[in-house]
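Trainee:
Number of protein chains: 2
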Amino acid sequence: MTLVEYFPTVLNTVHTSFGKMVEDELKRHGVEVHSGTAVDKIQQNGERLLLTGSSGFSATGNLVLVAAGAKPESEIAKGAGILLNPQGAIKVNQFMETNIPNIYAAGDCVETWHQLLQKNVYMPLGTTAHKQGRVAGENAVGGKREFQGSLGTQVVKVFDLAIARTGLREEEARQAGYDPLTVSFETWDHKVYYPGAHPFNIRVTADVNTKAILGAQIIGHYQGEVAKRIDIFATAIFHRMSVEQLNDLDLSYTPPLSSPWDPVQMAVQAWSKQLNKTG
Amino acid sequence: MTLVEYFPTVLNTVHTSFGKMVEDELKRHGVEVHSGTAVDKIQQNGERLLLTGSSGFSATGNLVLVAAGAKPESEIAKGAGILLNPQGAIKVNQFMETNIPNIYAAGDCVETWHQLLQKNVYMPLGTTAHKQGRVAGENAVGGKREFQGSLGTQVVKVFDLAIARTGLREEEARQAGYDPLTVSFETWDHKVYYPGAHPFNIRVTADVNTKAILGAQIIGHYQGEVAKRIDIFATAIFHRMSVEQLNDLDLSYTPPLSSPWDPVQMAVQAWSKQLNKTG
Chain A
100 MTLVEYFPTV LNTVHTSFGK MVEDELKRHG VEVHSGTAVD KIQQNGERLL LTGSSGFSAT
160 GNLVLVAAGA KPESEIAKGA GILLNPQGAI KVNQFMETNI PNIYAAGDCV ETWHQLLQKN
220 VYMPLGTTAH KQGRVAGENA VGGKREFQGS LGTQVVKVFD LAIARTGLRE EEARQAGYDP
280 LTVSFETWDH KVYYPGAHPF NIRVTADVNT KAILGAQIIG HYQGEVAKRI DIFATAIFHR
340 MSVEQLNDLD LSYTPPLSSP WDPVQMAVQA WSKQLNKTG
Chain B
100 MTLVEYFPTV LNTVHTSFGK MVEDELKRHG VEVHSGTAVD KIQQNGERLL LTGSSGFSAT
160 GNLVLVAAGA KPESEIAKGA GILLNPQGAI KVNQFMETNI PNIYAAGDCV ETWHQLLQKN
220 VYMPLGTTAH KQGRVAGENA VGGKREFQGS LGTQVVKVFD LAIARTGLRE EEARQAGYDP
280 LTVSFETWDH KVYYPGAHPF NIRVTADVNT KAILGAQIIG HYQGEVAKRI DIFATAIFHR
340 MSVEQLNDLD LSYTPPLSSP WDPVQMAVQA WSKQLNKTG
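Taken in order, these protein sequences are the chains called A and B. In terms of the working numbering, the first sequence opens at residue 100 and continues consecutively. In terms of the working numbering, the second sequence opens at residue 100 and continues consecutively.
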């Protein structure tokens with residue numbers, strides 16, 4: 100199997116250092132990875148397909164799967180006079196109302212309220228679609244519920260790795276007017292003396308002035324509670340918690356599953372240490 | 100191996116229905132379980148030890164391991180004139196100060212500030228000891244940090260199961276003046292169409308009037324992110340979140356690891372449904 104990625108590393112939604120680890124995991128399982136490569140052409144070549152691209156890339160295959168992002172399917176809405184944003188996503192408010200009274204919209208075809216950016220963005224995610232759908236449904240039958248917004252929380256499993264993120268990355272935070280510092284921290288997903296511990300990498304982004312947590316990225320073994328550890332950050336960010344407040348949380352511990360300070364807390368401690376060094 | 104338990108079910112810190120599941124897991128792995136049994140006597144019987152107890156219980160063994168709770172080791176403190184609570188734990192405030200100036204105490208020998216009960220209790224836990232130790236240390240060298248309190252969050256692995264809890268159980272909540280409702284909910288730890296899904300049981304306790312989450316208990320496969328899912332509750336309770344606010348959280352999802360509504364959210368939805376039925 101060959102994977103061709105346009106961006107410098109695969110899984111462009113997380114830091115390139117994490118993308119590199121994902122590439123290693125793919126290669127370890129026999130996938131040929133060509134990142135930083137643009138596919139220019141796919142053509143029939145006898146019984147097979149021939150792909151050619153940048154830097155002299157070429158490969159043949161029986162099947163080519165194209166995954167090049169999502170586009171909102173909003174033609175019907177447009178035809179009905181409903182306003183779209185520049186990306187073609189349906190404009191909605193937090194009640195999931197369109198500009199036309201009594202017409203609600205939700206899911207991959209609409210803009211999504213970003214809780215930290217405090218504005219609408221186009222960020223189609225299954226979890227968000229479910230929440231928006233319920234809000235739209237409740238309001239359509241006379242309710243008055245507001246969609247509380249997304250943090251762009253996501254997780255993906257690639258062979259034995261899980262890779263997760265929530266909130267803003269450093270560049271996104273800076274663009275949004277924050278003064279972010281990002282610290283990368285490596286530990287184990289549980290006490291290393293107990294069998295089965297795996298490396299666990301966290302990147303924490305927080306604001307230098309308020310110490311509010313702005314985002315986190317985690318990569319580790321998929322059985323290392325990567326997904327629900329990003330959710331501790333997601334829950335903390337939802338409440339605008341600072342790094343110190345996260346450090347004060349009473350989180351669960353047993354040697355086969357964690358450490359007395361959970362890896363998420365060790366990571367924010369590393370953030371504070373780094374701030375003291377540089378600040 | 101034989102396990103003798105004084106209480107009606109093992110793992111008395113969680114609901115008896117969970118205790119029963121733990122007993123089944125122990126039996127499935129060849130452990131003979133005698134719950135609701137008091138051991139009266141351990142005596143030498145030739146090369147071996149003979150245990151006898153209530154309801155005609157008797158067993159022989161080469162080794163008897165007694166685990167009958169923790170007692171604070173506070174003799175030195177007492178000798179120095181430091182005040183102890185009725186259980187013998189050292190009395191401290193949230194600065195980890197004892198009643199004698201410049202003497203700080205932390206760990207399994209002290210009382211612990213309970214965040215929901217808003218009073219000191221004796222609840223020795225490793226995670227708490229670490230946090231208290233840092234607070235005591237920081238204040239001993241001139242700092243002014245307050246220990247933020249415990250929720251009694253804990254997790255234990257028993258063969259393939261992980262069992263976790265945080266916050267108050269129904270009886271504890273009622274005694275503390277809350278008006279609690281507890282709902283038990285069973286689901287899967289991830290999308291059942293993806294291989295490796297296991298049953299996942301949650302009990303959620305929340306206040307009927309404020310809808311504030313007061314506590315949660317989870318039992319499931321130890322690779323089903325039981326520990327960090329209890330931590331989502333612990334983080335939510337730290338902020339006095341309501342069941343509806345937890346339902347609004349942007350948590351991570353991918354079929355091998357969760358559902359579009361995470362099990363913790365499905366559980367609070369079940370709580371709300373139950374409240375509407377009974378309320």
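For every residue, glycine included, the Cβ atom is placed at its ideal position computed from N, Cα and C.
#1: Tell me, please, whether the CB atom of leucine 350 of chain B is closer than 8 Å to any CB atom in chain A?
#2: Terminal residues of the continuous alpha helix (DSSP H) containing lysine 230 of chain B?
#3: Glutamine 143 of chain A CB to nearest chain B CB: under 8 Å?
#4: Specify the secondary structure class of serine 351 of chain A as computed by DSSP and reduced to three states.
#5: Please specify which runs of the beta strand (DSSP E), each continuous and at least 3 residues long, are wholly inside the stretch 278-358 of chain A, giving them in chain order.
#6: Out of A:Asp349, A:Gly180, A:Trp370 and A:Leu149, which one is the CA nearest neighbour of aspartate 361 of chain A?
#7: Helix or strand or just coil, what does DSSP make of glycine 129 of chain A?
#8: Rounded to whole angstroms, what's the CA-CA distance from alanine 335 of chain B to isoleucine 312 of chain B? Just pull it up for me.
#9: In this structure, does DSSP put lysine 218 of chain A in helix, strand or coil?
#10: Would threonine 88 of chain B pass as a contact of valine 255 of chain A if the rule is Cβ separation under 8 Å?
#11: Should threonine 151 of chain A go down as buried or exposed, given a rule of 16 or more other Cβ atoms within 10 Å for buried?
#12: To the nearest angstrom, report how far apart asparagine 346 of chain B and methionine 365 of chain B are at their CA atoms.
#13: Would arginine 268 of chain A be called buried (16 or more neighbouring beta carbons within 10 Å of its own) or exposed?
#14: By alpha-carbon positions, which one of B:Ser173, B:Asn192 and B:Ser153 ends up nearest to proline 185 of chain B?
#15: When we look at the beta-carbon of leucine 110 of chain B and count the other beta-carbons within 10 Å, is it buried (16 or more) or exposed?
#16: Quick one: list the residues of chain B neighbouring proline 355 of chain A, beta-carbon separation under 8 Å, in chain order.
#17: Can you name the residues of chain B whose CB is closer than 7 Å to the CB of histidine 229 of chain A?
#18: Where does arginine 462 of chain B sit, in a helix, a strand or coil, going by DSSP?
#19: Determine the chain A residues that contact histidine 338 of chain B at a beta-carbon separation under 7 Å, and present them in chain order.
#20: List, in chain order, every chain C residue whose beta-carbon is nearer than 7 Å to that of glutamine 247 of chain B.
#21: Report yes or no: is there a C-beta of chain A within less than 8 Å of the C-beta of glycine 206 of chain B?
#22: Contact check, alanine 204 of chain B vs valine 220 of chain B under 8 Å by CB: the rounded distance?
#23: Of the residues B:Ala167, B:Arg339, B:Gly242 and B:Lys290, which one's Cα is nearest the Cα of leucine 250 of chain B?
#24: Isoleucine 199 of chain B bridges to which residues according to DSSP?
#25: With glycine 160 of chain A as the anchor, note down where its beta strand (DSSP E) starts and where it stops.
#26: Would methionine 100 of chain A be called buried (16 or more neighbouring beta carbons within 10 Å of its own) or exposed?
#27: From serine 116 of chain A to isoleucine 301 of chain A, what distance separates their C-alpha atoms?
#28: In chain order, what residues of the stretch 302-326 of chain A put their CB closer than 9 Å to some CB of chain B?
#29: Please classify arginine 328 of chain A: is it buried, with 16 or more other beta-carbons within 10 angstroms of its beta-carbon, or exposed?
#30: One question on the structure: do asparagine 247 of chain B and leucine 224 of chain B come within less than 8 Å of each other, judged by their Cβ atoms?
#31: At the level of alpha carbons, what is the spacing between alanine 263 of chain A and serine 358 of chain B?
#32: Counting pairs of beta carbons, one from the stretch 281-293 of chain A and one from the stretch 134-150 of chain A, are three or more of them closer than 8 Å?
#33: Serine 157 of chain B and leucine 148 of chain B - do their beta-carbons sit closer together than 8 Å?
#34: Quick check: is any heavy atom of the ligand GDP less than 7 Å from the C-beta of asparagine 198 of chain B?
#35: With C-beta atoms as the reference, is serine 351 of chain B less than 8 Å away from alanine 166 of chain A?
#36: Please check if any C-beta of chain A sits within less than 8 Å of the C-beta of threonine 286 of chain B.
Mentor: If we stick to the structure as given:
#1: As a position in the second sequence, residue 350 of chain B is number 251, starting the count at 1. Chain A contact via Cβ: present.
#2: Working through the second sequence from its first residue, we reach residue 230 of chain B at position 131. Its alpha helix (DSSP H) spans residues 225-239.
#3: Walking along the first sequence from the start, residue 143 of chain A turns up at place 44. Not an interface residue.
#4: Counting from one through the first sequence, the residue named residue 351 of chain A turns up at place 252. DSSP places serine 351 of chain A in coil when its eight states are reduced to three.
#5: 279-287, 298-306 and 312-320
#6: In the first sequence, the residue the question calls residue 361 of chain A occupies position 262. It is A:Asp349.
#7: Stepping through the first sequence from its first residue, residue 129 of chain A is reached at position 30. Residue state, collapsed to three classes: coil.
#8: As a first step, residue 335 of chain B is located in the second sequence; it is residue number 236 there, counting from the start. As a first step, residue 312 of chain B is located in the second sequence; it is residue number 213 there, counting from the start. Taking the straight line from one Cα to the other gives about 8 Å.
#9: By 1-based counting over the first sequence, the position of residue 218 of chain A is 119. Residue state, collapsed to three classes: strand.
#10: Summary: the structure shown does not reach residue 88 of chain B, with chain B confined to residues 100 through 378, and so no result is reported for it.
#11: On the first sequence, residue 151 of chain A is found 52 positions in, with the first residue counted as 1. Answer is exposed; the Cβ neighbour count stays below 16.
#12: Here residue 346 of chain B refers to the residue found at position 247 of the second sequence. Here residue 365 of chain B refers to the residue found at position 266 of the second sequence. Each residue's Cα considered, the two are about 8 Å apart.
#13: Indexing the first sequence from 1 puts residue 268 of chain A at position 169. Buried is the call here.
#14: What you label residue 185 of chain B is simply residue 86 of the second sequence in a count that begins at 1. Of the listed residues, the one whose Cα sits closest to proline 185 of chain B is B:Ser173.
#15: As a first step, residue 110 of chain B is located in the second sequence; it is residue number 11 there, counting from the start. Per the 10 Å Cβ criterion, buried.
#16: Walking along the first sequence from the start, residue 355 of chain A turns up at place 256. Those are Lys256 and Tyr321, listed as they occur along chain B.
#17: Mapped onto the first sequence, residue 229 of chain A falls at position 130. Here the neighbours are Pro359 and Trp360.
#18: Because residue 462 of chain B is not part of the residues shown, which for chain B are 100 to 378, the question remains open.
#19: Position 239 of the second sequence, counting from 1, holds the residue named residue 338 of chain B. In chain order: His338.
#20: The question asks about chain C, but that chain is absent: this structure's protein chains are A and B.
#21: Counting from 1 along the second sequence, the entry for residue 206 of chain B is found at position 107. Chain A, which has no Cβ nearer than 8 Å to the Cβ of glycine 206 of chain B, makes this no.
#22: Position 105 of the second sequence holds residue 204 of chain B. Position 121 of the second sequence holds residue 220 of chain B. With a Cβ gap of about 15 Å, alanine 204 of chain B and valine 220 of chain B do not count as contacting.
#23: Counted from its first residue, the second sequence places residue 250 of chain B at position 151. Considering only alpha carbons, the answer is B:Arg339.
#24: What you label residue 199 of chain B is simply residue 100 of the second sequence in a count that begins at 1. Beta-bridge pairing links isoleucine 199 of chain B to no other residue.
#25: Your numbering for residue 160 of chain A matches position 61 in the first sequence. Per DSSP, glycine 160 of chain A belongs to the beta strand (DSSP E) from 157-160.
#26: Here residue 100 of chain A corresponds to residue number 1 of the first sequence, with the count starting at 1. The residue in question, methionine 100 of chain A, is exposed, as its Cβ has fewer than 16 Cβ neighbours within 10 Å.
#27: As a working mapping, residue 116 of chain A is identified with position 17 in the first sequence. As a working mapping, residue 301 of chain A is identified with position 202 in the first sequence. Going by the C-alpha atoms only, they are around 11 Å apart.
#28: Tyr321, Gln322, Glu324, Val325 and Ala326
#29: Looking up residue 328 of chain A in the first sequence gives position 229. By the neighbour-count rule (16 or more Cβ atoms within 10 Å), arginine 328 of chain A is buried.
#30: Locating residue 247 of chain B in the second sequence gives position 148, counting from the first residue. Locating residue 224 of chain B in the second sequence gives position 125, counting from the first residue. Contrary to the premise, residue 247 of chain B reads as glutamine rather than asparagine in this sequence. Taking 8 Å as the Cβ cut-off, glutamine 247 of chain B and leucine 224 of chain B do not qualify as a contacting pair.
#31: For this step, residue 263 of chain A is matched to residue 164 along the first sequence. For this step, residue 358 of chain B is matched to residue 259 along the second sequence. Roughly 15 Å between the two C-alpha positions.
#32: no
#33: For the purposes of this step, residue 148 of chain B is identified with residue 49 of the second sequence, where counting begins at 1. For the purposes of this step, residue 157 of chain B is identified with residue 58 of the second sequence, where counting begins at 1. Taking 8 Å as the Cβ cut-off, leucine 148 of chain B and serine 157 of chain B do not qualify as a contacting pair.
#34: The ligand content of the structure shown is nil, which means the ligand GDP is not present either.
#35: One-based indexing of the second sequence puts residue 351 of chain B at position 252. One-based indexing of the first sequence puts residue 166 of chain A at position 67. Their beta carbons are not under 8 Å apart, which means serine 351 of chain B does not touch alanine 166 of chain A by this criterion.
#36: Within the second sequence, the letter at position 187 stands for residue 286 of chain B. So, not an interface residue.
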